[in-house]
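Single-structure report; data block below.
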Ligand SMILES: Nc1ncnc2c1ncn2[C@@H]1O[C@H](COP(=O)(O)OP(=O)(O)OP(=O)(O)O)[C@@H](O)[C@H]1O
Ligand SMILES: [Mg+2]
């Protein structure tokens, strides 16, 4: 289990994530809903150690609150960013091989196929020569190849053409079926339906938790700021 306890994140001198208590389980997709600006990405970046935080992050019984990003990744916690980074001079092939737990080119090629990208992309660089949607897919393939215990996916479907929804959904389900706990931040109604459980964030706090269909209705029918 991955647990947040009284988890807070400050940005620009302001408390953005205001004390979250939440458990995420392996083998489950936990959907996080919330309006723009409610603090979802800030929470995600705090969880993996990119932003400093207060409170605790406990991964399978180990307090990783003071761990570096690298050591959190070694413990099995990873993220696919809402805005994937660009790495000039690094090919997609090398990026995926570095990410891959087993360092197998065969696995890299099959992950690329799972996210619906052609093989020639392997020889492109991880810079602006890739489209936004292509970068999102490469990032998702990288997360899959890491074989994480817990994977945070920050809007994995944003910028992905609607015909490819099924492919993205299938790799998320494959991650879950491999035993990973998937924390799925999304605005998409179809993505919500993949969830085993869902949580609503509003103004840096959790304001609802339960069955994804019911939580989606609660979110859709709630007045702002929820
Ligand atoms: N460095 C910063 N200084 C001040 N405010 C910040 C800073 N970083 C983020 N914020 C604010 O924190 C709030 C939460 O931002 P965050 O990116 O976490 O939202 P989100 O829930 O992921 O939204 P979206 O659905 O649009 O991706 C926003 O109001 C944002 O302006
Ligand atoms: Mg966000």
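Numbering (the working numbering), first residue to last: -2 to 223. Virtual Cβ for every residue (Gly too), placed ideally from N, Cα, C.
| Asked | Found |
| --- | --- |
| Please find out if some non-hydrogen atom of ligand 2 comes closer than 7 Å to the beta-carbon of residue 38. | yes |
| In this structure, how does DSSP classify residue 143 when only helix, strand and coil are distinguished? | coil |
| Is any non-hydrogen atom of ligand 2 found closer than 7 Å to the C-beta of residue 154, if you look at the structure I gave you? | no |
| Are the CB atoms of residue 123 and residue 64 nearer to each other than 8 Å? | no |
| Assuming residue 73 and residue 145 are in contact, meaning their beta carbons sit under 8 Å apart, how far apart are those beta carbons, in whole angstroms? | 5 Å |
| CB-CB under 6 Å to residue 77, same chain, minus the five flanking residues each way: which ones, in chain order? | 136, 137, 140, 150 and 153 |
| From which residue to which residue does the beta strand (DSSP E) around residue 179 run? | 178 to 182 |
| Quick test of your reading: residue 180 and residue 21, contact by CB under 8 Å. State the CB separation rounded to the nearest angstrom. | 6 Å |
| Quick check: the segment 104 to 113 against the segment 20 to 39, are at least 3 beta-carbon pairs closer than 8 Å? | no |
| Please report the straight-line C-alpha distance between residue 88 and residue 25, rounded to a whole angstrom. | 32 Å |
| Taking its Cβ as the centre, do 16 or more other Cβ atoms sit within 10 Å of residue 3, making it buried, or is it exposed? | exposed |
| Scan the segment 57 to 112 and note each continuous alpha helix (DSSP H) run of 4 residues or more that stays entirely inside, going in chain order. | 66 to 71, 89 to 96 and 102 to 111 |
| Straight-line CA distance for residue 170 to residue 11? | 36 Å |
| Helix, strand or coil: which one does DSSP assign to residue 32? | coil |
| When you compare only the Cα positions, how much space is there between residue 62 and residue 92? | 27 Å |
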